[in-house]
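Remember, my numbering sits 70 above the position in the sequence shown when you count from 1. Glycine included, every Cβ here is placed at the ideal spot set by N, Cα and C. Keep in mind it's a predicted model, so treat the numbers as computed, not measured.
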Amino acid sequence: PSLPAEFPPLRATDAVTHNLPVALTPFIGREAEIATLAGLVRRERVVTATGSGGAGKTRLAQKVGLALLDELPGGVHWVELAPLGAPDVERAVRAAFAISDHTTIALAEAVRRSLDGAAALLILDNCEHVIEAVTPIVVALTTQCPTLRVLATSRAMLDVPGEVAWRI
Numbered sequence: 071p072s073l074p075a076e077f078p079p080l081r082a083t084d085a086v087t088h089n090l091p092v093a094l095t096p097f098i099g100r101e102a103e104i105a106t107l108a109g110l111v112r113r114e115r116v117v118t119a120t121g122s123g124g125a126g127k128t129r130l131a132q133k134v135g136l137a138l139l140d141e142l143p144g145g146v147h148w149v150e151l152a153p154l155g156a157p158d159v160e161r162a163v164r165a166a167f168a169i170s171d172h173t174t175i176a177l178a179e180a181v182r183r184s185l186d187g188a189a190a191l192l193i194l195d196n197c198e199h200v201i202e203a204v205t206p207i208v209v210a211l212t213t214q215c216p217t218l219r220v221l222a223t224s225r226a227m228l229d230v231p232g233e234v235a236w237r238i
């Protein structure tokens with residue numbers, strides 16, 4: 071069976087510029103929130119979407135990533151933190167950028183090199199239980215990778231320099 075026109079077939083030359091999870095259900099009626107949050111991510115280096123569990127932080131972050139994809143030649147890099155413990159956070163960020171965890175290069179330097187000046191977005195989903203591990207990573211990345219923006223979803227703020235909160 072052929073795919074509908076909105077799903078053109080991939081060619082071998084097509085670059086995959088994101089690892090966003092695929093939504094299995096429609097996301098209806100939150101266009102204004104998507105536009106507002108996307109605008110904030112365009113203007114700020116670190117944005118944390120906060121709110122109670124089940125408020126829709128994850129789905130909004132997915133939609134914002136998709137909305138900004140064409141503006142980010144360095145891609146959108148998704149890290150799902152919910153199933154991870156603190157020791158696994160750096161490895162997950164490395165994996166999102168396709169950086170080997172066997173390299174001796176520090177994470178921020180490896181990300182900076184991989185982006186090579188291209189604008190990119192890192193989405194860190196469900197940070198609340200690993201904030202102590204996430205915070206130094208976000209500080210290092212935003213300090214050393216000037217073209218990288220971070221969108222975090224969490225029930226609590228990361229408390230990093232320059233962070234802007236957006237409450238759902």
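Original post:
For residue 208, which residues from the same chain have a beta carbon less than 7 Å from its beta carbon, with the 5 sequence-adjacent residues on both sides left out?
Top reply: Start at 1 with the first residue of the sequence shown, and residue 208 comes out as number 138. The answer, listed in chain order, is 116, 220, 228 and 230.
Subject >> Local conformation of residue 199 per DSSP, three classes >> reply: Stepping through the sequence shown from its first residue, residue 199 is reached at position 129. DSSP places residue 199 in helix when its eight states are reduced to three.
Subject >> When 112, 104, 146 and 215 are compared against residue 127, the one with the closest alpha-carbon >> reply: As a position in the sequence shown, residue 127 is number 57, starting the count at 1. Out of 112, 104, 146 and 215, 104 has the C-alpha closest to the C-alpha of residue 127.
Original post:
Since residue 106 is in the alpha helix (DSSP H), which residue starts that stretch and which ends it?
Top reply: Against the sequence shown, residue 106 aligns to sequence position 36. 101-113 is the span of the alpha helix (DSSP H), which, as asked, contains residue 106.
**OP:** Would you identify the three-state DSSP class for residue 210, choosing helix, strand or coil?
**Re:** On the sequence shown, position 140 is the one that residue 210 refers to. Looking at residue 210 - three-state DSSP - the assignment turns out to be helix.
Subject >> Residue from 236, 149 and 93 with nearest C-alpha to residue 192 >> reply: One-based indexing of the sequence shown puts residue 192 at position 122. The shortest C-alpha separation from residue 192 is found at 149.
Original post:
Rounded to a whole number of angstroms, what is the C-alpha to C-alpha distance between residue 157 and residue 102?
Top reply: Along the sequence shown, read from residue 1 onward, the residue named residue 157 stands at position 87. Along the sequence shown, read from residue 1 onward, the residue named residue 102 stands at position 32. Their backbone Cα atoms lie some 37 Å apart in a straight line.
**OP:** Kindly list the residues whose CB is nearer than 7 Å to the CB of residue 132, restricted to its own chain and excluding five residues on each side of it in sequence; keep chain order.
**Re:** For the purposes of this step, residue 132 is taken as residue 62 along the sequence shown, with counting starting at 1. Within the same chain, residue 132 has close Cβ partners 90, 91 and 93.
Original post:
Out of curiosity, what's the CA-to-CA distance linking residue 233 and residue 125?
Top reply: Counting from 1 along the sequence shown, the entry for residue 233 is found at position 163. Counting from 1 along the sequence shown, the entry for residue 125 is found at position 55. Looking at the two C-alpha atoms, the distance is approximately 20 Å.
Original post:
Quick one: is residue 195 buried, meaning 16 or more other Cβ sit within 10 Å of its Cβ, or exposed?
Top reply: As a working mapping, residue 195 is identified with position 125 in the sequence shown. The residue is buried, with at least 16 neighbouring Cβ atoms inside 10 Å.
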